[in-house]
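Numbering of the sequence shown is given in the numbering used here, commencing with residue 2 and proceeding in unit increments. Everything on this sheet refers to the single structure shown next.
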Amino acid sequence: MYITIDTSALIAVIGNEKTKPRIIEATKGCSLYSPSSVHWGIVNAFSAMFKRKSVTLEAAKQALAIYRGIPIKYIDVSLENTLGIAYTQGMYAYDVYLIQCALETSTPLLTLDKGLKAVAQKIGISIQEI
């Protein structure tokens, strides 16, 4: 089985958040897809944590090392289709990249983001529940 996974789920795993065991169970034996933007979104998430002083640089580096060990196939999604969805749904491109990845790969989306989940379901993407 294949799953599109987003930054929020990956951060939960590499940051040892309470949802980590459920995410690992939901993805066990699965291949993971993500749009290329997720790769940079990981560092962006940690930079936001730095501003809130909720993570140290050393902890972020350790989490980044764990992230690098997760086998993810990065998908170069259609920018034209992303623009269209961003326009019709009123969303930021970074969220739409995930929707577009799930559409292009015909895979369910695993996200902890309730807004992203709602829009994905609205346009017919199945959700990998945890």
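Note that beta-carbon positions come from the ideal geometry of N, C-alpha and C, so glycine has one too.
Quiz item: Candidates Gly16, Lys54, Leu117: which alpha carbon is nearest Ile132's?
Solution: Outside the shown range of the chain, which is 2 to 131, sits residue 132, and nothing can be said about it.
Quiz prompt | Pro22 (DSSP reduced to helix, strand or coil) | solution = helix
Exercise. Note down, one range per segment and in chain order, each alpha helix (DSSP H) of at least 4 residues found wholly within the region 46-118.
Key: 58-69, 80-90, 94-106
Self-check item: Alpha-carbon spacing of Leu58 relative to Trp41, whole angstroms
Solution: 16 angstroms
Exercise. Output yes or no for whether 8 angstroms exceeds the beta carbon distance between Leu33 and Lys74.
Key: yes
Exercise. Let me know if Ile71 comes out buried or exposed under the rule of 16 or more other beta-carbons within 10 Å of its beta-carbon.
Key: Exposed, by the Cβ-count rule.
Quiz item: From what residue to what residue does the alpha helix (DSSP H) around Ser9 run?
Solution: 8-15
Quiz item: Ile128 bridges to which residues according to DSSP?
Solution: Leu110
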